[in-house]
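Listed in order, the protein sequences are those of chains P and X. Take this note's numbering: the last position of the first sequence gets the number 1587, and nothing is skipped along the way. Take this note's numbering: the last position of the second sequence gets the number 1030, and nothing is skipped along the way. All remarks here apply to the structure that follows.
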Amino acid sequence: MQNAHAPPLGRLMGSAGNMKVLVTVLVVTIILLTLVSTSHTQSPEGKVRSYTIDVVARQFAYEPGRIVVNLGDEVTFKVQTKDVSHGFYIDGYDVDVHIHPGETEEVTIVADKVGKFKIRCSVTCGSMHPFMMGELIVVHDGVNYAHVGSTIVVVIAALCIATYVWRRGT
Amino acid sequence: MKMESSSKVKSFLMSLILHRGKFDVMEFNIIRRLIKHTAFQFILILLNLLVFWVIILSGLFGSQVGNKNLSIIFVWIVWWFLLIAVLLPIFGRAWCTMCPIPVFGEYIQRRGILVKSDKKAEGWVKKPKRWPERFNNIWLQNLGFLGMATFSPLLVTRPIITGILLGLLFVIATIMMLIFEKRSFCKYVCPVAGFLGLFSMFSAIELRVKDRILCRNHLDKECINGSDTHYGCPFFVHVPTFERNNYCGLCTECIKACPHDNISLNLRPFAGDILKKGRRIDEAWKSFIMLTLAGLYMIVLLGPWGWLKDWANVFWVPPYGWGLANFSNFPILVGIFWFSSLLFTPAIFLGFTAMSRAVARVKGISLKLLFRDLSYELIPLALMAWIAFSIPLLMVNWSYIANVISDPFGLGWNLFGTAELAFNPFYPESIPYIQTIFIIFGLFYAIRSGYKIIGEHYPDRGTAFRAFLPQLLFLMLTSLLFILLFMG
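Written out as structure tokens, the structure is:
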């Protein structure tokens, strides 16, 4: 129902106004998130760090569960299993190796995308297999810009929505 | 008034895309004929019943490796995703239309399947009892769902537990319907119906009467009492006057029974029921439970913390008995689930509600009523959080669906050549961003609903603005917590 005391904007937009605002907010959000997700995908100029991280897979987790690296780092994962065969799959990095008991698999990536990337088990290893996960966090100068960017987008979206709702009245 | 075809399509599209006004989908002849057909619901239920039985059999007798068993994949990935992300936000309680669980009890109650029976209750099946008045709420459903959620790592990963649960639901529903009248199981006990009812307040579909004056003047009320050929509402809904989706199971009996064709199935804007009257404290707690569990599920099941999964991974020990093993830290997890859902989240929300009342500086506003009413603003956000949780289930594990279609029992079959399809998540790196978009979608409706609810208590615009600020802060912080789980 229209609020007769709402500013002209509220009266003009009519019952479809909510949908228009929502679509606008969502489109802007998608654009901003796309910018956030694709930003900082270039390796920074300067020194590239190379190092190795030991990862142990077990039912139903990776140790360490969270791995934080810097954008541009060349990271070699040396993966072993503590119990049964597991997989080591990293979202967005074309990594999928299978690790069998008694073996060590090495896989090297260049962390060229900022954000959080799940590490998943790609070999059926037991009952909780679908929920066996780790996380690879790629930061730039200590900042996870994907998280920061998304946070800013959500805050801006909330404030825009609140402003719109307030202008329309109750 | 019947519309011309072209204007019908235009109105339908305006309603669907722009969410402008309401549109009775039964204006389309084919939909009206389908819904009014006696066999409509029966056919949907029959199809589901067949699938359910295959699922139960595969759960009980198939491979106990979860991702190789039809029961786990089809119930906890396919059905769950379709239910929470497609059926519920758009079609409300449409799952209840086709749910096969109460079907045996209902057909025994009615003494018939398709045609309304004249037979009376005889012998050991006596006149059904009324559900006890003191349980005329959704607390059993709240606690039932919380109980299921507590054991969810066991439930969603062990085929035999899924098979037993579904079988038990059939048995409980049937027994209840032999004792209590109509769909007492669905309305008061079914753990799924509890959250379907709450979230259906957000959905884009509603079943309502067209002309209330016509209903008021029509004394027979076939929509409630039934007609010679059709049954009345089995969900205890007062069809002529009800205004919320919560307890309507979309069985369409009232549509079939109404002699005046006075019931419509409307496409409508989202969140159409959140501002309606009839708010209850048990429903308020349901919103806290669902919001909290969405977060806890993301932390425990989708998080990287192996020790939490160890705590949750309590398991059943066949064939040595019915005991649960790995109990060492499980009680702590139970405490976390129940304490957070029933006490912690409501307490935090109460704090923010008290802040709203304090900054409004208006006397005579009941904190309890404000707390109860404002809890409904959480419904859109909670629903979107659950959708956000469910998205990776499908996008990551879709290949298991193809596997079990070819080998439903995990016995080494390959019916359609897809049993060996490799694990191949679908653009998983995009998941956090898709989840964020859904949270923002929920935030839009949460803020909008919250501000309007505040306006019910504080009509003055300036006061409403002040009072809403703590609510805005709560909604933003909650959304940012989810973003932290997705991205941080």
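Positions of the beta carbon are idealized from the N, C-alpha and C atoms, including for glycine.
Requested in this report: Can you tell me the Cβ-Cβ gap for residue 986 (chain X) and residue 1439 (chain P), rounded? I've got them flagged as a contact below 8 Å.
Outcome: Sequence index remark: in the second sequence, residue 986 (chain X) carries index 444 (1-based). Sequence index remark: in the first sequence, residue 1439 (chain P) carries index 22 (1-based). Going by Cβ atoms, the distance from residue 986 (chain X) to residue 1439 (chain P) rounds to 5 Å, so yes, they are a contact pair.
Requested in this report: Quick one: measure Cβ to Cβ for residue 996 (chain X) and residue 1009 (chain X), integer angstroms, because I've assumed they're closer than 8 Å.
Outcome: Taking the first residue of the second sequence as 1, we reach residue 996 (chain X) at position 454. Taking the first residue of the second sequence as 1, we reach residue 1009 (chain X) at position 467. Right, their Cβ atoms sit about 5 Å apart.
Query raised in the report: Is any beta-carbon of chain X found at less than 8 Å from that of residue 1461 (chain P)?
Result: Start at 1 with the first residue of the first sequence, and residue 1461 (chain P) comes out as number 44. Residue confidence is low: residue 1461 (chain P) scores 49 on pLDDT, short of 50, so the model does not pin down where it sits. No coordinate-derived value is stated.
Query raised in the report: Per DSSP, residue 1537 (chain P) is paired with what?
Result: Locating residue 1537 (chain P) in the first sequence gives position 120, where the first residue counts as 1. In DSSP, residue 1537 (chain P) forms a bridge with P:1506 and P:1550.
Query raised in the report: Which term fits residue 882 (chain X), buried or exposed, when burial requires 16 or more other beta carbons within 10 angstroms of its beta carbon?
Result: Position 340 of the second sequence, counted from the start, is the residue given in the question as residue 882 (chain X). Buried, by the Cβ-count rule.
Query - Buried/exposed call for residue 672 (chain X), threshold 16 Cβ in 10 Å - result: Taking the second sequence and counting its residues from 1, one reaches residue 672 (chain X) at position 130. Classification for residue 672 (chain X): exposed.
**Report entry** Distance between beta carbons of residue 930 (chain X) and residue 980 (chain X), contact taken as under 8 Å
**Finding:** Translated into the one-based positions of the second sequence, residue 980 (chain X) becomes position 438. Translated into the one-based positions of the second sequence, residue 930 (chain X) becomes position 388. 5 Å between Cβ atoms; contact.
Query raised in the report: Alpha carbon to alpha carbon, how far is residue 842 (chain X) from residue 894 (chain X)?
Result: Position 300 of the second sequence holds residue 842 (chain X). Position 352 of the second sequence holds residue 894 (chain X). Looking at the two C-alpha atoms, the distance is approximately 27 Å.
Query - the segment 729 to 748 of chain X contacting the segment 823 to 839 of chain X, beta-carbon criterion three pairs below 8 Å - result: yes
Query - For residue 785 (chain X), the three-state DSSP class (helix, strand or coil) - result: Mapped onto the second sequence, residue 785 (chain X) falls at position 243. Residue state, collapsed to three classes: coil.
**Report entry** Classification of residue 1441 (chain P) by the beta-carbon crowding that lies within 10 angstroms, buried from 16 upward
**Finding:** For this step, residue 1441 (chain P) is matched to residue 24 along the first sequence. Exposed is the call here.
Query raised in the report: Would you say residue 1541 (chain P) faces chain X, with C-beta separation under 8 Å as the test?
Result: Taking the first residue of the first sequence as position 1, residue 1541 (chain P) is located at position 124. Interface residue, yes.
Query raised in the report: To the nearest angstrom, how far is it from the Cα of residue 813 (chain X) to the Cα of residue 707 (chain X)?
Result: Counted from its first residue, the second sequence places residue 813 (chain X) at position 271. Counted from its first residue, the second sequence places residue 707 (chain X) at position 165. Looking at the two C-alpha atoms, the distance is approximately 32 Å.
Query - residue 751 (chain X), DSSP secondary structure in three states - result: Reading the second sequence from its first residue, position 209 is the one you call residue 751 (chain X). Of the three classes helix, strand and coil, the one that applies to residue 751 (chain X) here is strand, per DSSP.
Query raised in the report: If you draw a straight line from the alpha carbon of residue 601 (chain X) to that of residue 857 (chain X), how long is it in whole angstroms?
Result: In the second sequence, the residue the question calls residue 601 (chain X) occupies position 59. In the second sequence, the residue the question calls residue 857 (chain X) occupies position 315. Going by the C-alpha atoms only, they are around 16 Å apart.
Requested in this report: Closer than 6 Å by C-beta to residue 1511 (chain P): which residues in its own chain qualify, once you throw out the five before and the five after it? Chain order, please.
Outcome: Within the first sequence, the letter at position 94 stands for residue 1511 (chain P). Once the five neighbours on either side are set aside, residue 1511 (chain P) has no close Cβ partner at all.
Requested in this report: List the residues that DSSP assigns as beta-bridge partners of residue 643 (chain X).
Outcome: If you number the second sequence from 1, residue 643 (chain X) lands on position 101. Answer is none; residue 643 (chain X) lacks a bridge partner.
Query raised in the report: Taking just the CA atoms, how far does residue 846 (chain X) sit from residue 1553 (chain P)?
Result: Start at 1 with the first residue of the first sequence, and residue 1553 (chain P) comes out as number 136. Start at 1 with the first residue of the second sequence, and residue 846 (chain X) comes out as number 304. Cα to Cα, residue 1553 (chain P) sits roughly 10 Å from residue 846 (chain X).
Query raised in the report: Which term fits residue 1468 (chain P), buried or exposed, when burial requires 16 or more other beta carbons within 10 angstroms of its beta carbon?
Result: What you label residue 1468 (chain P) is simply residue 51 of the first sequence in a count that begins at 1. By the neighbour-count rule (16 or more Cβ atoms within 10 Å), residue 1468 (chain P) is not buried but exposed.
Requested in this report: Check whether the Cβ atoms of residue 1029 (chain X) and residue 973 (chain X) sit closer than 8 Å, and answer yes or no.
Outcome: If you number the second sequence from 1, residue 1029 (chain X) lands on position 487. If you number the second sequence from 1, residue 973 (chain X) lands on position 431. No, the Cβ-Cβ distance between residue 1029 (chain X) and residue 973 (chain X) is not below 8 Å.
Query raised in the report: I think residue 1497 (chain P) touches residue 1484 (chain P), with their Cβ atoms under 8 Å apart; what is that distance to the nearest whole Å?
Result: For the purposes of this step, residue 1497 (chain P) is taken as the residue at position 80 of the first sequence. For the purposes of this step, residue 1484 (chain P) is taken as the residue at position 67 of the first sequence. Going by Cβ atoms, the distance from residue 1497 (chain P) to residue 1484 (chain P) rounds to 15 Å, so no, they are not a contact pair.
Query - Among P:1569, P:1582 and P:1584, the one whose alpha carbon lies nearest that of residue 1445 (chain P) - result: Within the first sequence, numbered from 1, the residue matching residue 1445 (chain P) stands at position 28. For the residues P:1569, P:1582 and P:1584, the minimum Cα distance to residue 1445 (chain P) belongs to P:1569.
Query raised in the report: What residues are listed by DSSP as bridge partners for residue 1532 (chain P)?
Result: Within the first sequence, residue 1532 (chain P) is the residue found at index 115, counting from 1. The partner list for residue 1532 (chain P) (beta bridge, DSSP) reads P:1555.
Query raised in the report: CA-CA distance, residue 1003 (chain X) and residue 993 (chain X)?
Result: Taking the first residue of the second sequence as position 1, residue 1003 (chain X) is located at position 461. Taking the first residue of the second sequence as position 1, residue 993 (chain X) is located at position 451. Near 10 Å, if we compare the C-alpha coordinates of residue 993 (chain X) and residue 1003 (chain X).
Query raised in the report: Helix, strand or coil: which one does DSSP assign to residue 1461 (chain P)?
Result: The residue given as residue 1461 (chain P) occupies position 44 in the first sequence. Legend: pLDDT at residue 1461 (chain P) = 49, less than 50; position of this residue unreliable, value from coordinates given subsequently. The answer is coil: DSSP assigns residue 1461 (chain P) none of H, G, I, E or B.
Query raised in the report: Applying the criterion that 16 or more other CB atoms from any shown protein chain within 10 Å of the CB defines a buried residue, is residue 1448 (chain P) buried or exposed?
Result: Looking up residue 1448 (chain P) in the first sequence gives position 31. By the neighbour-count rule (16 or more Cβ atoms within 10 Å), residue 1448 (chain P) is not buried but exposed.
Query raised in the report: Would residue 1552 (chain P) count as contacting chain X if we go by Cβ distances under 8 Å?
Result: Counted from its first residue, the first sequence places residue 1552 (chain P) at position 135. It does; some Cβ of chain X falls within 8 Å.
Query raised in the report: How about residue 1001 (chain X) and residue 897 (chain X): do their beta carbons lie closer than 8 Å?
Result: By 1-based counting over the second sequence, the position of residue 1001 (chain X) is 459. By 1-based counting over the second sequence, the position of residue 897 (chain X) is 355. Between residue 1001 (chain X) and residue 897 (chain X), the C-beta spacing is not below 8 Å.
Report task. Below 9 Å between beta carbons is the criterion; list the residues of the segment 917 to 946 of chain X that meet it against any residue of chain P, in chain order. Result -> Contact annotation: in the segment 917 to 946 of chain X, residues whose CB is within less than 9 Å of a CB in chain P are 934, 935, 938, 939 and 942.
**Report entry** Enclosing beta strand (DSSP E) for residue 1485 (chain P) [first to last residue]
**Finding:** Looking up residue 1485 (chain P) in the first sequence gives position 68. Where residue 1485 (chain P) is concerned, the enclosing beta strand (DSSP E) stretches over 1483 to 1487.
**Report entry** Inter-residue spacing [alpha-carbon to alpha-carbon] between residue 549 (chain X) and residue 555 (chain X)
**Finding:** Walking along the second sequence from the start, residue 549 (chain X) turns up at place 7. Walking along the second sequence from the start, residue 555 (chain X) turns up at place 13. C-alpha separation (whole angstroms): 10 Å.
Query - C-alpha gap between residue 1460 (chain P) and residue 1489 (chain P), whole angstroms - result: Translated into positions along the first sequence, residue 1460 (chain P) becomes position 43. Translated into positions along the first sequence, residue 1489 (chain P) becomes position 72. Note on residue 1460 (chain P): pLDDT 48, under 50, position unreliable in the model; no value is reported.
Query - CB contact check: residue 1602 (chain P) to chain X, cutoff 8 Å - result: Residue 1602 (chain P) lies beyond the stretch modelled for chain P, which goes from 1418 to 1587, so this question has no answer here.
Report task. Mind listing the chain P neighbours of residue 607 (chain X)? Cutoff is C-beta to C-beta under 7 Å, in chain order. Result -> Against the second sequence, residue 607 (chain X) aligns to sequence position 65. Those within 7 Å of residue 607 (chain X) in chain P are 1541.
Report task. Spell out whether any CB of chain X is found under 8 Å from the CB atom of residue 1502 (chain P). Result -> Numbered from 1 along the first sequence, position 85 holds the residue referred to as residue 1502 (chain P). Residue 1502 (chain P) does not count as touching chain X.
Query raised in the report: So which of X:689, X:590, X:670 and X:674 has the shortest CA-CA distance to residue 645 (chain X)?
Result: For this step, residue 645 (chain X) is matched to residue 103 along the second sequence. The option with the nearest alpha carbon to residue 645 (chain X) is X:590.
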